[in-house]
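Those letters in the sequence shown? Residues 65 to 591, by the numbering used here.
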Amino acid sequence: MKKICIWLLGIFPFLWGCFEDEGNYNYKKLNTITEDGGMEWKYTIHEGDGLKIEPKLHFKYDSVNVNLKYEWLIGDTIIESEILDVPVYPGPLGYKICNLKVTDLDIDLPYFFPFAVEVYAKYQTCWLLLSEKDGKSNLSLVREKHEEGADGKITTTYFEEFDVYKNVNGRELGSEPVKLIEHFTGKTMGSELAEVWVLQNGEKGTVLLNGASLKHESYLAEEFIGDQLPANFRIKDAMFFCNTHWVLSEDGKMYSRLSDDQALFHAGRFDPEPVGGKRYHVSLLLPSCFYTLYGGLFFEKNSKQYMFIYDGPWYPEESGEIRLINWNKYGDNFTPLNEMGDREPIFSAIRDCGYYAPAYYYCILFDESEQKFYRQYFEFEANYGFGVYPVYEETVFPGNVLTKESEVAIGRMTPYLFFTGGANQEKLYWLSTESSDPNELPRKFEFDFKGERITSITITSDEDLGDRLGVATEQGKFYIFKFDNVILTSGKTQEPLYQMQGNPGSIKDVIYKVADAQSFWDGKEGR
């Protein structure tokens, strides 16, 4: 009892205080703060870019008598400012969730407004141009910055950069430029960016560049056993699979290497002995989308047939095997892939592909005896046994404007084929690959290229930006056009979204650099 009495006496003053409380409080309405359209959920910029964000705050009761503190939380960086306006964004490369923290100082109550910033490496995505100027190879680019306005419309600003290789590496690129290719590996399925191969035949030859910085990684000669190119080697093309890499010389000889690690760019060395010895004369490589089909095709001119290169992730020890295509279920009006006769493919592109799925090849053939061009469109299955399935019958390419000198491009996300024609390849034409009429004639792309020879065409497709066409000329002009069915069939002269202001020299090739294998799968780049 004594302990209980002491305890009661101890709490009695507090109880008395409660009884005496008359409830004299100064209540304040909570002036809730929200953000009303000044901030986007996601901002996409390149390394070294600035960023400006002007939030529009909405107050539930009073927007005048407020005492606020603004803090932009970007990783470990805190910027105290009502408006974020930095000449160089301080956050890391990649995707990052950031916050605007607004504190009501009168009641010490914070509000958080999250936003995402995705920072691409400076040279991650861009239009990349290979040209020749003053007898030397030149690498230039056009980088785009897209901003969405309050009305939902996207505004694009273009940035040109010339002599990129020299600016980055402090030396000349080389000479005798041929083309550009992105080299994907297992890591390019994730964070790693594809390397860029600059194919050229002068001086030390082809150069391999880091995909993020465009810094020099190595010369192709250093990738061969013995650190030198084979005798009389002049590069024409290259293609890459999970376990093997392939390069093609102008003399029809093909060379390969087995990669020690699917994730690495430079694992293993190229064998200086040509594939198949002197038996093969390869005229065309037909790559598949990376990580699809378990390999790719090439056309062997001596035996007049397509052949398959096996490259399977599950059986790497078999990768690099050359396999004949023994298939006899083609149907009428389709030339067997292993018995092409006088018909030889002069152009090929992947029309569609998926993860470990069949590949759809769209090819243009030239028949030497008939002196005619044919369209060949087929599905090729190699993952679980061979299969060749014509998408439609082989038909004569309509019209008379296509030539062996024509530049050709097809987009995987569009139903259009673009190609050049005219006495100097100065005109651009288009044709639907999905037309039900095999005799439908090509239509002219209505733009005057001033008689300049068109040397490169590339296509990129984007969910937000739509389908765009890059066109380059021998005289150093480069244009970007937007296109769709309405635009193409309008009959009106096309207005370019952009025309390059500087002149990089005589342009040999243009690619839209997508950097990662997933974007390539999605059809953001077409040849």
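Yeah, the Cβ is synthetic: ideal placement off N, Cα and C, and Gly gets one too.
**Item:** Sequence-distant residues of its chain with Cβ nearer than 6 Å to I521 (five each side left out)
**Value:** Within the same chain, and ignoring the five residues on either side of I521 in sequence, the residues whose Cβ sits closer than 6 Å to its Cβ are E471, A473, F482, V535.
**Message:** Could you tell me the alpha carbon to alpha carbon distance between G384 and Q558, rounded to whole angstroms?
**Reply:** Each residue's alpha carbon lies about 46 Å from the other.
**Message:** On the DSSP letters alone, give me the boundaries of the alpha helix (DSSP H) that Y438 sits inside.
**Reply:** Per DSSP, Y438 is not a residue of any alpha helix (DSSP H); the beta strand (DSSP E) it occupies stretches across 436-445.
**Message:** If you follow the alpha helix (DSSP H) that T553 is in, where does it begin and where does it stop?
**Reply:** Going by DSSP, T553 is part of the alpha helix (DSSP H) stretching over 549-553.
**Message:** Quick check on this structure: which residue in E240, E144, Q188 has the alpha carbon closest to the alpha carbon of K197?
**Reply:** For K197, the nearest C-alpha among the options comes from E240.
**Request:** Using three-state DSSP, classify A214 as helix, strand or coil.
**Result:** Coil.
**Request:** Let me know the secondary structure DSSP gives N163 once reduced to three states.
**Result:** DSSP, reduced to helix, strand and coil, places N163 within a strand of the structure shown.
**Prompt:** Is S583 helix, strand or coil by DSSP?
**Reply:** Helix.
**Message:** Taking the beta carbon of Q565 as the centre, do at least 16 other beta carbons fall within 10 Å, making it buried, or is it exposed?
**Reply:** Here Q565 is exposed: its Cβ has fewer than 16 other Cβ atoms, across all protein chains shown, within 10 Å.
**Contacting residues, own chain, Cβ-Cβ under 7 Å from P351 (five flanking each side not counted)** = Within its own chain, the residues whose Cβ lies closer than 7 Å to the Cβ of P351, once the five positions on either side in sequence are excluded, are M303, G360, listed in chain order.
**Message:** Suppose the cutoff is 6 Å on Cβ atoms and the five residues either side in sequence are ignored; what does the same chain contact list for T57 look like?
**Reply:** Because the chain in this structure spans residues 65 to 591, residue 57 falls outside the shown range and cannot be described.
**Prompt:** Among Y229, E498, A487, I523, which one has its Cα closest to the Cα of R517?
**Reply:** The residue among Y229, E498, A487, I523 with its C-alpha nearest the C-alpha of R517 is A487.
**Message:** Considering only their Cβ atoms, is the gap separating R387 from Y374 smaller than 8 Å?
**Reply:** Contact: yes.
**Asked** What three-state label does DSSP hand A285 in the structure shown?
**Response** In the three-state reduction of the DSSP assignment, A285 falls in the helix class.
**Prompt:** Taking the continuous beta strand (DSSP E) assigned at Y229, which residues delimit it?
**Reply:** Looking at the DSSP string, Y229 is not in any beta strand (DSSP E); the run it does join, the alpha helix (DSSP H), is 228-233.
**Item:** Beta-carbon proximity of L205 to L194, cut-off 8 Å
**Value:** Contact flag unset, no.
**Prompt:** Quick one: what does DSSP say F83 is sitting in, helix, strand or coil?
**Reply:** Bear in mind that the predicted position of F83 carries a pLDDT of just 41, short of 50, making it unreliable; the figure below should be weighed with that in mind. For F83, the secondary structure class from DSSP, reduced to helix, strand or coil, is helix.
**Asked** Going by beta carbon distance, what residues of the same chain come within less than 6 Å of Y344, once the five residues before and after it are set aside?
**Response** The answer, listed in chain order, is E364.
**Prompt:** From E469, R532, V455, pick the residue whose C-alpha is nearest to that of S500; which is it?
**Reply:** Closest in alpha carbon position to S500, among E469, R532, V455, is V455.
**Asked** Taking the Cβ atom as the reference point for each residue, do L348 and P409 lie within a distance shorter than 8 Å?
**Response** Result yes, Cβ atoms of L348 and P409 sit closer than 8 Å.
**Request:** Confirm, please, whether the CB-CB distance from A276 to G159 is below 8 Å.
**Result:** Note that residue 159 corresponds to Tyr in the displayed sequence, not to Gly. No; because the gap between Cβ atoms is not below 8 Å, this pair is not in contact.
**Request:** Kindly list the residues whose CB is nearer than 7 Å to the CB of A579, restricted to its own chain and excluding five residues on each side of it in sequence; keep chain order.
**Result:** Q188, T189, L257, A258, G275.
**Request:** Sort N402, R415, W136, V271 by Cα distance to I117 and report the nearest one.
**Result:** It is W136 whose Cα lies nearest to the Cα of I117.
**Asked** Can you tell which of I575, D573, Q563 has its C-alpha closest to the C-alpha of Y222?
**Response** Of the candidates I575, D573, Q563, the one whose C-alpha sits nearest the C-alpha of Y222 is Q563.
**Message:** Cutting at 8 Å between CB atoms, please list the residues of its own chain near I299, excluding the five before and the five after it.
**Reply:** Only V242, L263, Q264, N265, G269, T270, L284, V311, L312, S313, E314 meet the Cβ criterion.
**Beta-bridge partners of M371, as assigned by DSSP** = Bridge partners of M371: F362, L388.
**Nearest-angstrom Cα separation, counted from F511 out to G569** = One C-alpha to the other measures close to 22 Å.
**Asked** Considering only residues of the same chain and omitting the five flanking positions on each side of I428, which have a CB-CB separation below 8 Å?
**Response** Cβ neighbours of I428 beyond the five flanking positions: P409, I410, F411, S412, F437, Y438, R439, Q440, F461, L466, V472.
**Boundaries of the beta strand (DSSP E) in which W261 is found, first to last residue** = For W261, the uninterrupted beta strand (DSSP E) run begins and ends at 259-264, by DSSP.
**For E169, the nearest candidate out of H330, T399, I97, E458 (CA to CA)** = It should be pointed out that residue 169 corresponds to Leu in this sequence rather than to Glu. Out of H330, T399, I97, E458, I97 has the C-alpha closest to the C-alpha of L169.
**N-terminal and C-terminal residue of the beta strand (DSSP E) that T308 is part of** = Segment 308-313, the beta strand (DSSP E) holding T308.
**Request:** Would you give the residue range spanned by the beta strand (DSSP E) that S433 belongs to?
**Result:** Where S433 is concerned, there is no enclosing beta strand (DSSP E), because DSSP gives it neither an H nor an E.
**Request:** Measure the beta-carbon distance from Y425 to F398 and round it to whole angstroms, keeping in mind my assumption that it falls under 8 Å.
**Result:** A Cβ-Cβ separation of about 13 Å leaves Y425 out of contact with F398 under the 8 Å criterion.
**Request:** Tell me Q563's beta-bridge partners as DSSP assigns them.
**Result:** In the DSSP output, where bridge partners are listed per residue, Q563 has Y543.
**Item:** Short Cβ contact (8 Å threshold) for V152 with G112
**Value:** Yes, the Cβ-Cβ distance between V152 and G112 is below 8 Å.
**Asked** How about I414 and R476: do their beta carbons lie closer than 8 Å?
**Response** Cβ distance < 8 Å, so I414 and R476 count as in contact.
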